[in-house]
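A.B. asks:
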Amino acid sequence: MKLIKGEIVSNERIGNNLYKTTIFSPYITKNAVPGQFINIKCCSDNTVDPLLRRPFSIHDVEYDFKVFSIMYEVKGNGTHFLSKLNAADVIDFVGPLGNGININKIENDDFLLIGGGIGIAPLYFFAKVLLAENKNVFFAAGFKDGNFLLFDKMLERLKINYEIYSENGMHGSKGMITDFIKKRIDDFKEYDIYCCGPVEMYKALQNIFCLKNIRAKALFEEIMACGIGVCKGCVMKFKDNQNGYIYKSVCKDGPLFDLSEAVFEQ
Amino acid sequence: MKLIKGEIVSNERIGNNLYKTTIFSPYITKNAVPGQFINIKCCSDNTVDPLLRRPFSIHDVEYDFKVFSIMYEVKGNGTHFLSKLNAADVIDFVGPLGNGININKIENDDFLLIGGGIGIAPLYFFAKVLLAENKNVFFAAGFKDGNFLLFDKMLERLKINYEIYSENGMHGSKGMITDFIKKRIDDFKEYDIYCCGPVEMYKALQNIFCLKNIRAKALFEEIMACGIGVCKGCVMKFKDNQNGYIYKSVCKDGPLFDLSEAVFEQ
Amino acid sequence: MNSNDNPGISVKLGSIRLKNPIVMCSGTFSSGIEYNNFYDVSMLGAITTKSFSLKPREGNKPPRLCETSAGLLNSIGLQNEGIDFFIYEHLPFIKRERFNTILSMLGSDVNEFSDLAVKVRNIEENLIAVELNLSCPNIEKGGMSLGLIPEEVENVTATVRKILNIPVIVKLSPNIENLPEITLRAKNGGAEAVSLINTVVGMAIDINTFKPKLGNVTGGLSGPAIKPIALAKIFNLHKEKILPIIGMGGIFSWEDAIEFILAGSSAVGLGTVNFVDLQAGKKILDGIIDFMNNKNILNIGDIIGKVKAG
Amino acid sequence: MNSNDNPGISVKLGSIRLKNPIVMCSGTFSSGIEYNNFYDVSMLGAITTKSFSLKPREGNKPPRLCETSAGLLNSIGLQNEGIDFFIYEHLPFIKRERFNTILSMLGSDVNEFSDLAVKVRNIEENLIAVELNLSCPNIEKGGMSLGLIPEEVENVTATVRKILNIPVIVKLSPNIENLPEITLRAKNGGAEAVSLINTVVGMAIDINTFKPKLGNVTGGLSGPAIKPIALAKIFNLHKEKILPIIGMGGIFSWEDAIEFILAGSSAVGLGTVNFVDLQAGKKILDGIIDFMNNKNILNIGDIIGKVKAG
Ligand SMILES: Cc1cc2nc3c(=O)[nH]c(=O)nc-3n(C[C@H](O)[C@H](O)[C@H](O)COP(=O)(O)OP(=O)(O)OC[C@H]3O[C@@H](n4cnc5c(N)ncnc54)[C@H](O)[C@@H]3O)c2cc1C
Ligand SMILES: Cc1cc2nc3c(=O)[nH]c(=O)nc-3n(C[C@H](O)[C@H](O)[C@H](O)COP(=O)(O)OP(=O)(O)OC[C@H]3O[C@@H](n4cnc5c(N)ncnc54)[C@H](O)[C@@H]3O)c2cc1C
Ligand SMILES: Cc1cc2nc3c(=O)[nH]c(=O)nc-3n(C[C@H](O)[C@H](O)[C@H](O)COP(=O)(O)O)c2cc1C
Ligand SMILES: Cc1cc2nc3c(=O)[nH]c(=O)nc-3n(C[C@H](O)[C@H](O)[C@H](O)COP(=O)(O)O)c2cc1C
Ligand code: FES
Ligand code: FES
């Protein structure tokens, strides 16, 4: 991990409040693995709003051009600031951070990626890297509406199988992606599974996988301060044999954890 | 005074860290008199840096186009924000504020305006309005260096007599404008005098005028919170017959005061 | 959207009834006359006047203001023209425009408060309540120092209470530890509500001149910076269920106001925000009403102190 | 620009000598190992470790962080792996890299502090000093509550002082009124300096769920929002001339650091800023040295407490 000033190559609006920012950084393209993130300073020098850096998953890497991108939804002041940046502007970020996957240790040949909403952002990087290793990848994605319509094209360019559901039927089939998974779960029993999405999706998937005794990995989010494992601010509760449960840092021990071990309160 | 959302017509860089922003506002052009100011919100909605509005003198009014302008130096976050705005952006301001001059009550025919640095900004509006009333105006201005070189052209367009000094000789004659005033003071004895500049200039002018028993008016600055006379935060000390001295609000009782009455501590 | 048509937005603090929970903080709204240029301030639940003393006070040496990160330091020192000025210059306007007024009173000891109350008695029918400022960090005598001593708080409150027939509110400082004790004393003295928080003691230094940025060296910090501090103080005091609270300290939006209500404020005070957003009172009131509509909250009283904690 | 070549930048707090006044605050820099990825942190005057207790502590229920206007609320609750972890996992690295370390100790009572000190005695030659955390607002027992009781402060300090041969620093809370008294007690117990301020009690509420934004309901506020409060506390305590002060609370720039020094800090603590600017220690040190050069200040000691007030 390094503190980097990277030049923005492009900043595109790709949906309603949805942006993709591409940044030049040989260091990130060389070192980042899927699941890792960067922590960006989202305000001008000498201003403090927002005070803390904002974490964003690495969404895509183009090795030839030494650029990588993040995809994000505008939520508050931090993402608003990012969305207003232009090509040639320089941003200050730390990365790559977190665990991510270790490609060399991956033995399975079949992969299921399950994304909910903006959760598809990091999974796209997973898909790309796995395909480069000649793995078989199936992408299941669920959305609220049609805001991520561009995503079909991205998947088609990767030439992989995918299934898309949206709650209002504007994008793919109408329905919940978790229902699709539930119905088809037996087809994916031998797959390695990676998920990224909102807590509600994780709760539904935990139920589905638990019944079938399937293990899956998931990317988690927590509000972060340091991003490098120092402050213990970003912890989540996980099951632990010794003490019943244990707090782990999303930024350093994660953001990729065993989905079955996560404890969601209420 | 009114709370106004005004559209920016142009935002020009006219010197090093020096800007002129022109804003469309029929209300201001109709009501503002020289010496008055506006109080601008210098950050985006839902952000608090800078927290308070920033006061700027009305620098020029173009009645035909219903636009007015402010001229300012970039000092901190507020003026930095302003300098980055573009035509068609909308700014939120309150105005016109403060006392300013009452043209109808002006009897004299001869006027001396003494500006130091950015202090020329409001005095330009004085000059323009006085000339429209067919008064005789002499403009004396002092600068540090050549950053206000454009000002000569502005004065020439007004076709008035002027004298410019700069400390390093880059603009006009080399020297202090206060020395010029001191030397020539007898020529201006019968003039109405208005000054705007830094405290050091005011101290020098107080000495000069006091010896000759000349009265002058000056525009003062203080950090402001409300800008409308409510908080009593922007007070300055003035001589007072009853109590020795009295605190007056720059935003409401001023910003135009009798120079001789101002008490500068240390 | 007109708050007068909306009984669900009215609140009660003891015998004080406000048509809505928006109260303007003392010292940041004068008596409301200037702000009436920007909207009809008679729509507000109440306007607390700046603190008036028996005689005019000149206030502290300038500079009196300094901006900090998301905060404002002030050391006004309660400059005011004295209670007679309020009575003769502001009151006629207030009466005509039907402002809902809480008069803030400032005395350096119980005698000054008593003399003030005697004057106020003659005009009390024009006031909703009086507020006793026992918490200004910016003056040496009275204010803050009285507010530190439990017996004095009770004594001053009881004295004013006896002279006046209108409710008494006590304004408290965040710079003390024993808020529950002080509040209990205020209650014993006959107060019907407390206002919380006044500004937090703070300071800033000019590194070029080595001088404090305020003429009075230290001052009071207000604005968004202190919001979390105010919320914690209000939450902790509300748990004690001693007196209803007018909560204030850094409220800048309707969302902030809802937070204060959830933490235990029966009404919310707007201070520094008025300098930035000259129509804050109206906007925040509208925001609260919209929130209630969206969340199907019929009565604002239903959510006072309803934060789900513990 | 290399601080090691610059004797004018070294400071003394009692018998504690720091090669420069930059100290990393407890809990915001771990033991320095992670930050050593971003610059050579052995250049710092000192690194205060996170607070270690005798046994591991799991800390508070998440969420533990919440951003406020120019501030950060945390309720970490002093999660730590226990003193043995520090000794076996961090210390070897610290020794090798020659970090200047102040060990922050946390106990729930005088006995835990005593047991801790016995363990620390074996490694004390690797430490500049220990800091007793008597001021964390985030835990029920120990920490804050001990720090409220003057006798306990003296008792704990004296106990640790007797066991160890290295200097003792006491970390103080801004949430109490009697700072001079507590500082005097710390001095009586044998402390050579105090660290001031720890975080200010604060709170935030989610208006959609009605739940506090922190799992622990209230937390501690840090960052630029509290800077004016910290400066006032330090200024007021420094006037009493009881013990040298390590000043902290919202320092984000070298200009801020100079303000703290002028207000009376012999050294400055950097906390929250490390999360935002991962090289803050180096940058702020450079800024101070440049300032001294520009202003012809030969010795940083010459400007400690030199604000021109009164
Ligand atoms: C490891 C990690 C990777 C992430 N990757 C992406 C990504 O690829 N694309 C994307 O759009 N978003 C991503 N997020 C979430 C993103 O960090 C937040 O949306 C962003 O911080 C919001 O900042 P803001 O200032 O715009 O909004 P704020 O005004 O700060 O907050 C708006 C909302 O977002 C929530 N929020 C704030 N910070 C975080 C955070 N760190 N994590 C989760 N929620 C937060 C707030 O509680 C609030 O509800 C990621 C978060 C983490 C922890
Ligand atoms: C009535 C009035 C009229 C003014 N007219 C003009 C004008 O026409 N052109 C112009 O360039 N400037 C004018 N000023 C000054 C202008 O308001 C400040 O330069 C501006 O507020 C600085 O804001 P900032 O956020 O950029 O800088 P900050 O970071 O806030 O401050 C930079 C420096 O400016 C000082 N400053 C901040 N606010 C004020 C203030 N209200 N008055 C004086 N100094 C301040 C600060 O103490 C600091 O030293 C006027 C001020 C007043 C009171
Ligand atoms: C400029 C200024 C003047 C104030 N004057 C008074 C006053 O006269 N009496 C009083 O009780 N409080 C006074 N206060 C405190 C406010 O009423 C309020 O308690 C405090 O500012 C916190 O609220 P805020 O953060 O919304 O401003 C003043 C505050 C400011 C900023
Ligand atoms: C996330 C976090 C964790 C902290 N943990 C500790 C701690 O373990 N021990 C301690 O004495 N202070 C702790 N503090 C307080 C800091 O050391 C410091 O006193 C405070 O944050 C004020 O400084 P700042 O505004 O520069 O952060 C912590 C602060 C933060 C923000
Ligand atoms: S954000 Fe600090 S430990 Fe994860
Ligand atoms: S700025 Fe409030 S009275 Fe002038």
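Residue numbers (this note's numbering), protein chains in the order written: chain H, 1 to 266; chain E, 1001 to 1266; chain G, 2001 to 2310; chain Z, 3001 to 3310.
Don't be surprised by glycine CBs; every beta carbon is placed ideally from N, CA and C.
Considering only the alpha carbon of each residue, which of K3282/Z, P3244/Z, G3287/Z lies closest to L3184/Z?
C.D. replies: Considering only alpha carbons, the answer is P3244/Z.
A.B. asks: Could you have a look at A3158/Z and say whether DSSP puts it in helix, strand or coil?
C.D. replies: If DSSP states are grouped into helix, strand and coil, A3158/Z belongs with the helices.
A.B. asks: Taking only three categories from DSSP, how would you classify D240/H?
C.D. replies: Three-state result, D240/H: strand.
A.B. asks: C1210/E lies in the alpha helix (DSSP H); which residues open and close that run?
C.D. replies: First-last of the alpha helix (DSSP H) with C1210/E: 1199–1212.
A.B. asks: Helix, strand or coil for P1050/E? Go by DSSP, reduced to three states.
C.D. replies: It is coil, neither helix nor strand.
A.B. asks: May I ask which residues mark the beginning and end of the alpha helix (DSSP H) holding T1029/E?
C.D. replies: Where T1029/E is concerned, the enclosing alpha helix (DSSP H) stretches over 1026–1031.
A.B. asks: Could you have a look at A140/H and say whether DSSP puts it in helix, strand or coil?
C.D. replies: Reduced to three states, the DSSP call for A140/H is strand.
A.B. asks: Roughly how many angstroms lie between the CA atoms of A3232/Z and S166/H, to the nearest whole one?
C.D. replies: If you take the alpha carbons of A3232/Z and S166/H, they lie about 56 Å apart.
A.B. asks: If L2127/G sits next to L1003/E, beta carbons under 8 Å apart, how far is it from one beta carbon to the other, in whole angstroms?
C.D. replies: About 29 Å separates the two Cβ atoms, so there is no contact after all.
A.B. asks: Start and end of the alpha helix (DSSP H) containing A2263/G?
C.D. replies: Where A2263/G is concerned, the enclosing alpha helix (DSSP H) stretches over 2254–2263.
A.B. asks: List, in chain order, every chain E residue whose beta-carbon is nearer than 9 Å to that of C2066/G.
C.D. replies: Those are I1223, listed as they occur along chain E.
A.B. asks: Please classify S2015/G as buried or exposed, where buried requires at least 16 neighbouring CB atoms within 10 angstroms.
C.D. replies: Exposed: under 16 other Cβ atoms inside 10 Å.
A.B. asks: Can you grab the Cα-Cα spacing for the pair P1034/E / R2096/G, in whole Å?
C.D. replies: Each residue's alpha carbon lies about 34 Å from the other.
A.B. asks: Which residues in chain G sit within 8 Å of G1229/E, going by Cβ to Cβ distance?
C.D. replies: Chain G residues near G1229/E: S2030, E2034.
A.B. asks: Could you please tell me which residues of the segment 3192–3208 of chain Z, in chain order, have their CB closer than 7 Å to any CB of chain H?
C.D. replies: For the segment 3192–3208 of chain Z, which is checked against every Cβ of chain H, not one residue is closer than 7 Å.
A.B. asks: Taking Cβ positions only, does N2293/G come closer than 7 Å to chain E?
C.D. replies: By this cut-off, N2293/G is not an interface position.
A.B. asks: Short of 7 Å in beta carbon distance, which residues of its chain neighbour M3001/Z, apart from the five on each side in sequence? Order them along the chain.
C.D. replies: Bear in mind that a pLDDT of 44 at M3001/Z, under 50, signals an unreliable position, so the number given afterwards is only what the model happens to contain. If we look at M3001/Z and ignore the five residues flanking it on each side, its Cβ neighbours are D3286, I3289.
A.B. asks: Any C-beta of chain H sitting closer than 7 Å to the C-beta of D1049/E?
C.D. replies: Closer than 7 Å: yes.
A.B. asks: Alpha carbon to alpha carbon, how far is F3275/Z from N3175/Z?
C.D. replies: Distance between the alpha carbons of F3275/Z and N3175/Z: 24 Å.
A.B. asks: F1180/E and I1160/E look like a contact to me (Cβ under 8 Å); what is the Cβ gap, rounded to whole Å?
C.D. replies: Not a contact, Cβ separation roughly 16 Å.
A.B. asks: Look at the alpha carbon of S2003/G and the alpha carbon of N2020/G, and state the distance between them as a whole number of angstroms.
C.D. replies: For S2003/G, the pLDDT reaches just 48, beneath the cut-off of 50, and the residue's location in the model is therefore unreliable, although a value from the coordinates is still provided. Answer to the nearest angstrom: the Cα atoms are 7 Å apart.
A.B. asks: Following the continuous beta strand (DSSP E) through T3101/Z, name the residue where it begins and the one where it ends.
C.D. replies: T3101/Z -> beta strand (DSSP E) spans 3101–3105.
A.B. asks: In the DSSP assignment, find the alpha helix (DSSP H) that holds A2280/G and state where it starts and stops.
C.D. replies: 2280–2295 is the span of the alpha helix (DSSP H), which, as asked, contains A2280/G.
A.B. asks: Using a threshold of 7 Å, state whether the C-beta atoms of Y124/H and H171/H are closer than that.
C.D. replies: Cβ distance not < 7 Å, so Y124/H and H171/H don't count as in contact.
A.B. asks: Secondary structure at E2067/G, three-state DSSP: helix, strand or coil?
C.D. replies: Strand at E2067/G.
A.B. asks: In whole angstroms, what separates the C-alpha of N2133/G from that of N2037/G?
C.D. replies: Distance between the alpha carbons of N2133/G and N2037/G: 27 Å.
A.B. asks: Based on the DSSP secondary-structure assignment, which residues constitute the bridge partners of M154/H?
C.D. replies: Answer is none; M154/H lacks a bridge partner.
A.B. asks: Assign I2343/G to one of three DSSP states: helix, strand, or coil.
C.D. replies: Residue 2343/G falls outside the range modelled here, since chain G spans only 2001 to 2310, and no answer is possible.
A.B. asks: Please say whether I1120/E and G1006/E have beta carbons closer to each other than 7 Å?
C.D. replies: In this structure, I1120/E does not lie closer than 7 Å to G1006/E by Cβ.
A.B. asks: Counting along the chain, where does the beta strand (DSSP E) carrying F257/H start and finish?
C.D. replies: Residues 256–258.
A.B. asks: Closest Cβ-Cβ distance between P3228/Z and chain G: below 7 Å?
C.D. replies: P3228/Z counts as touching chain G.
A.B. asks: Would you tell me roughly how many angstroms separate the C-alpha atoms of G30/H and V3273/Z, rounded to the nearest one?
C.D. replies: In the sequence under discussion, the amino acid at residue 30/H is Lys, which differs from the Gly named in the question. Looking at the two C-alpha atoms, the distance is approximately 29 Å.
A.B. asks: If the criterion is Cβ atoms closer than 7 Å, does the pair I2166/G and A2129/G meet it?
C.D. replies: Cβ distance < 7 Å, so I2166/G and A2129/G count as in contact.
A.B. asks: Under the rule that 16 or more other beta-carbon atoms within 10 Å means buried, what is L1082/E, buried or exposed?
C.D. replies: Counting Cβ neighbours within 10 Å, L1082/E comes out buried, since at least 16 surround it.
A.B. asks: How about K2308/G: is its C-beta nearer than 7 Å to some C-beta of chain Z?
C.D. replies: Output row for K2308/G: interface = yes.
A.B. asks: For M71/H, which three-state DSSP category applies?
C.D. replies: Reduced to three states, the DSSP call for M71/H is strand.
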